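Its first residue numbered 1, the sequence shown is counted upward by one per residue in my numbering.
Glycine included, every Cβ here is placed at the ideal spot set by N, Cα and C.
Quantities reported herein were computed from a predicted structural model and do not represent experimental measurements.
All remarks here apply to the structure that follows.
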Amino acid sequence: MSKLFLFAVLAFCAYLFFRSLGRPKNGSTRPPRPAEEMVACAQCGVNLPAGESLRSGEHSYCCEEHRVLGPSKPRH
Ligand SMILES: [Zn+2]
Numbered sequence: 001m002s003k004l005f006l007f008a009v010l011a012f013c014a015y016l017f018f019r020s021l022g023r024p025k026n027g028s029t030r031p032p033r034p035a036e037e038m039v040a041c042a043q044c045g046v047n048l049p050a051g052e053s054l055r056s057g058e059h060s061y062c063c064e065e066h067r068v069l070g071p072s073k074p075r076h
């Protein structure tokens with residue numbers, strides 16, 4: 001039974017240790033953001049995270065207005 005108690009104490013210490021590692025000391029650093037897929041607005045070409053884009057069919061748009069306008073024609 002004492003081994004189990006020792007294991008619980010070690011696990012708790014490890015938990016506190018890893019929790020202190022993950023916390024920045026000065027608090028000014030930005031929280032790490034997971035790498036997110038970037039997409040380009042089919043109308044104006046601005047890059048934005050896929051999670052913030054508006055999807056319409058196979059195209060992504062930065063805002064509702066551009067989604068209504070639809071994909072811009074290539075200027076070549
Ligand atoms: Zn746009």
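| query | Do you know offhand how far residue 73's Cα is from residue 65's? | reply | 16 Å
| said: Here's a check: name, in chain order, each residue in its chain whose Cβ is nearer than 7 Å to the Cβ of residue 51, leaving out the five neighbours to either side. | reply: 36
| query | Apart from the five residues on each side of it in sequence, which residues of its chain come closer than 7 Å, Cβ to Cβ, to residue 61? | reply | 41, 42, 43, 53, 54, 67
| Status (buried if at least 16 other CB within 10 Å, exposed otherwise) for residue 39 | With 16 or more other Cβ atoms inside 10 Å of its own Cβ, residue 39 counts as buried.
| Helix, strand or coil at residue 46 according to DSSP, with G and I counted as helix | Reduced to three states, the DSSP call for residue 46 is coil.
| On the three-state DSSP scale, how would you describe residue 55? | strand
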